[in-house]
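Structure first, commentary second.
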Amino acid sequence: MIITEKLSVRSDGHGDVIDVTAKVQEIVDKSKAKNGSALVFVNGSTASVSTIEYEPNLVKDLKKALDKIAPYGEDYEHHKTWGDDNGSSHVKATLLGPSTTIPFEDGKLLLGTWQQVVVIDFDTSGRQREVIVQVSGE
Amino acid sequence: MIITEKLSVRSDGHGDVIDVTAKVQEIVDKSKAKNGSALVFVNGSTASVSTIEYEPNLVKDLKKALDKIAPYGEDYEHHKTWGDDNGSSHVKATLLGPSTTIPFEDGKLLLGTWQQVVVIDFDTSGRQREVIVQVSGE
Amino acid sequence: MIITEKLSVRSDGHGDVIDVTAKVQEIVDKSKAKNGSALVFVNGSTASVSTIEYEPNLVKDLKKALDKIAPYGEDYEHHKTWGDDNGSSHVKATLLGPSTTIPFEDGKLLLGTWQQVVVIDFDTSGRQREVIVQVSGE
């Protein structure tokens with residue numbers, strides 16, 4: 052059984068981290084599947100999906116580390132293509148990747164206690180983000 | 052229903068980025084599955100799969116950022132093992148990971164407009180790369 | 052068919068890399084599935100799953116590169132939250148991500164010859180790590 056749902060999440064960009072764990076679990080609940088996995092995928096090239104211990108201080112640490120790799124405000128070749136300012140956003144998004152898959156058993160996501168599923172929006176302005184959650188199970 | 056196909060893609064290495072979106076969509080089409088996901092996996096330890104807005108300037112930006120983390124031409128312990136020169140390639144490949152999974156609905160990959168599925172070859176010479184595309188769906 | 056198993060692996064932390072390839076292949080064997088994929092997921096926020104050519108020198112190179120991005124021993128905001136010392140561990144784990152999916156065919160993981168499936172433990176002390184292996188196939 053496969054069900055595909057879309058979430059719309061509000062983001063402020065610039066490395067904003069949005070915890071979608073409860074929403075992903077709700078979709079697993081709704082599917083009534085007992086065993087399987089939830090694929091969480093963001094359909095854009097300036098955002099990523101991963102897991103983190105979701106707490107505000109760690110979010111700051113993550114931003115800082117990623118800004119070392121691809122600092123905002125530097126010159127990027129990509130800016131010449133569209134006149135954009137989000138070259139650093141694209142680089143970070145490709146590095147972290149657009150998808151994470153989480154297994155579940157007895158209808159419950161097998162996450163650690165301090166592990167949340169998050170969408171990280173690297174773009175340079177706030178927006179609504181579409182996130183796809185696909186549950187495959189039995 | 053699960054179908055597994057292999058793509059052979061030509062790469063120049065050194066961070067070369069190959070857009071395989073159309074080929075992945077073709078395999079989804081061929082499977083006739085309406086709902087499901089495509090797992091794209093590269094079976095080597097010096098290449099990765101991710102998504103990016105595929106345009107030449109951004110490819111340059113990605114290379115530059117990854118070269119900060121693991122520059123080519125420096126000494127790597129790995130070079131002592133085999134007399135190779137691709138320690139930086141391995142580090143980048145592990146960082147980005149070998150696989151990405153993309154959901155589809157109504158037979159169409161749920162990618163963003165500016166989001167392509169790409170194989171990134173970090174090795175230090177050109178070669179043919181084998182890429183596995185596995186479609187699971189119904 | 053979906054089967055979900057848990058592995059317990061011993062780790063020394065600080066970027067320790069544990070090769071779980073043989074154990075993942077065993078679970079695929081046990082499932083008797085011929086075609087499908089193995090999702091390997093670590094249920095904690097200071098460890099990751101990826102692939103690498105597993106040899107001790109390359110493990111050193113990987114640690115060194117990741118320590119450039121998030122060095123141990125620096126100040127992290129996260130340390131203020133819990134009085135912990137593992138801010139760098141969390142940052143690295145989110146960057147590499149908690150899961151990797153490997154396709155198999157004829158009951159055999161489609162890995163490259165020099166490509167192993169590994170759990171990387173970034174935490175700052177040794178521990179037992181729980182790793183979930185979920186085989187979906189037919």
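Residue numbers (my numbering), protein chains in the order written: chain A, 52 to 189; chain B, 52 to 189; chain C, 52 to 189.
Ideal Cβ placement from N, Cα and C applies to all residues, glycine included.
Just so you know, these numbers come straight off a predicted model, no measurement behind them.
Amino acids of chain C, ordered along the chain, whose beta-carbon sits closer than 7 Å to that of residue i
i, result
"K111 of chain A", "E128"
Expected contact under 8 Å - CB spacing of residue i and residue j to nearest Å
i, j, result
"G87 of chain A", "G163 of chain A", "Incorrect: roughly 19 Å between the Cβ atoms, too far for contact."
"V93 of chain C", "P149 of chain C", "5 Å"
"S82 of chain B", "T151 of chain B", "Between T151 of chain B and S82 of chain B the Cβ distance is about 18 Å, and since that is not below 8 Å, they are no contact."
"A116 of chain C", "S139 of chain C", "Actually they do not touch by this definition, with Cβ atoms about 13 Å apart."
"T145 of chain C", "L113 of chain A", "6 Å"
"V182 of chain C", "V170 of chain C", "6 Å"
"H65 of chain C", "L109 of chain A", "Not quite, the Cβ-Cβ distance comes to about 19 Å (not below 8 Å), so this is no contact."
"G158 of chain B", "V79 of chain B", "6 Å"
"L161 of chain B", "Q76 of chain B", "Contact doesn't hold; Cβ gap of about 11 Å is too wide."
"I69 of chain B", "H141 of chain A", "About 17 Å; that fails the 8 Å criterion."
"G177 of chain C", "S62 of chain C", "6 Å"
"T132 of chain C", "E106 of chain A", "5 Å"
"V186 of chain B", "A84 of chain B", "6 Å"
Within chain C, partners of residue i - CB distance below 8 Å
i, result
"F92 of chain B", "T152, I153, P154 and L161"
"G148 of chain B", "S101, T102, L147, G148 and T151"
"E106 of chain A", "H129 and T132"
Burial state of residue i (16 or more Cβ within 10 Å)
i, result
"A73 of chain B", "exposed"
"Q166 of chain C", "buried"
"G124 of chain C", "exposed"
"Q179 of chain C", "exposed"
"K143 of chain A", "buried"
"G95 of chain A", "buried"
"S99 of chain B", "buried"
"D67 of chain A", "buried"
"D172 of chain B", "buried"
"S59 of chain C", "exposed"
Cross-strand partners of residue i (DSSP beta bridge)
i, result
"Q166 of chain A", "For Q166 of chain A, which the question treats as bridged, DSSP gives no partner whatsoever."
"S59 of chain A", "A:E181"
"F173 of chain C", "According to DSSP, which records beta bridges pairwise, F173 of chain C is partnered with nothing at all."
"G87 of chain C", "C:F155 and C:G188"
"I103 of chain B", "B:Q167"
"A98 of chain B", "B:D172"
"D136 of chain A", "Its beta-bridge partners do not exist; DSSP assigns none."
"D67 of chain B", "B:D172"
"L160 of chain B", "B:F155"
"S150 of chain A", "A:F92"
"I53 of chain B", "B:S187"
Contacts that residue i makes with chain A (C-beta to C-beta distance below 9 Å)
i, result
"W133 of chain B", "Simply none; closest approach about 27 Å."
Neighbouring residues, chain B, relative to residue i (Cβ below 7 Å)
i, result
"T55 of chain A", "N86, P154 and E156"
Partner residues on chain D for residue i, Cβ-Cβ distance less than 7 Å
i, result
"A121 of chain B", "Among the protein chains of the structure shown, namely A, B and C, there is no chain D."
Chain A residues whose Cβ lies nearer than 7 Å to that of residue i
i, result
"S96 of chain C", "T102, I103, E104, G163, W165 and Q166"
Closer than 8 Å at the beta carbon, the chain B residues around residue i
i, result
"G124 of chain A", "Within 8 Å Cβ-Cβ: nothing; G124 of chain A doesn't reach chain B, min ~14 Å."
### Task
Taking only beta carbons into account, state which residues of the segment 55-86 of chain B come closer than 8 Å to chain A, listed in chain order.
Cβ contacts with chain A come from N86.
### Task
Would you list, in chain order, the members of the segment 163-189 of chain C that have their beta-carbon closer than 9 Å to a beta-carbon of chain A?
So the close ones are E181, I183, V184, Q185 and S187.
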